[in-house]
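Numbering (full-length UniProt numbering), first residue to last: 1 to 167. Here a beta-carbon is modelled for each residue, glycine too, at the ideal position from N, C-alpha and C. Right, one structure below, let's go through it.
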């Protein structure tokens, strides 16, 4: 079984490859095919983190957990908002590209924060047994929600999220 932090890093690498594929895509059909898959993966990943990783980060309360979680929820909201904005415009239009760029920028900043702060902090404070258990839950979550089935990709209030998951 995989450690949850390794699985999250695998997703991060997939996002970087997805945005690179988008750079190379030509025509509306290719752009839509690449973006639709990437946007869905970004949405599912955010939901998985919010259900599996961040509640445990808050429970281990390593000092910066609330701030890191607040930042992550706000980042996820911005990414979701940019994805939703892209859906309001014709694929390949200037407005569509602006929304995709917003998603990319927010995602890049979020990945850097997680990779430089959240995941190292989590690895230092969570035992390998917990990391493997959460990795199993991560894989199960993706299996239970193929193509986002049953998930609603909605913004969350960061303070309410922290209150609900800090118990």
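Hey, quick one: how far does the alpha helix (DSSP H) through residue i stretch, first residue to last?
i: residue 108; result: 94-113
i: residue 131; result: 128-144
i: residue 18; result: 4-24
i: residue 53; result: Where residue 53 is concerned, there is no enclosing alpha helix (DSSP H), given that its DSSP letter is neither H nor E.
Measuring from the CB of residue i, is there a heavy atom of the ligand PLP at a distance below 8 Å?
i: residue 11; result: Ligands displayed in this structure: none; no statement on the ligand PLP is therefore possible.
When the Cα atoms are used, what is the spatial distance from residue i to residue j?
i: residue 100; j: residue 128; result: 36 Å
i: residue 161; j: residue 15; result: 25 Å
i: residue 140; j: residue 102; result: 30 Å
i: residue 84; j: residue 6; result: 28 Å
i: residue 41; j: residue 152; result: 13 Å
i: residue 144; j: residue 44; result: 11 Å
i: residue 147; j: residue 121; result: 30 Å
i: residue 142; j: residue 48; result: 8 Å
i: residue 76; j: residue 109; result: 11 Å
i: residue 25; j: residue 63; result: 43 Å
i: residue 123; j: residue 89; result: 41 Å
i: residue 51; j: residue 60; result: 15 Å
What is the DSSP secondary structure of residue i, counted as helix, strand or coil?
i: residue 86; result: helix
i: residue 151; result: coil
i: residue 157; result: coil
i: residue 118; result: helix
i: residue 27; result: helix
i: residue 34; result: helix
Leaving out five residues before and five after residue i in sequence, what residues of the same chain have Cβ atoms less than 6 Å from its Cβ?
i: residue 21; result: 34
i: residue 111; result: 12
i: residue 74; result: 158
i: residue 135; result: 1, 2, 3, 4, 7
i: residue 168; result: Nothing about residue 168 can be reported from this structure: the residues present for the chain run from 1 to 167 only.
i: residue 38; result: 18
Near residue i, what residues of its chain come up, given a Cβ to Cβ distance below 8 Å and the 5 sequence neighbours on each side ignored?
i: residue 92; result: 27, 28, 31
i: residue 66; result: 58, 162, 166
i: residue 130; result: 56
i: residue 115; result: 9, 12
Within a Cβ cutoff of 7 Å, which residues of the same chain sit near residue i, ignoring the five residues on either side of it in sequence?
i: residue 98; result: none
i: residue 107; result: 15, 42, 79
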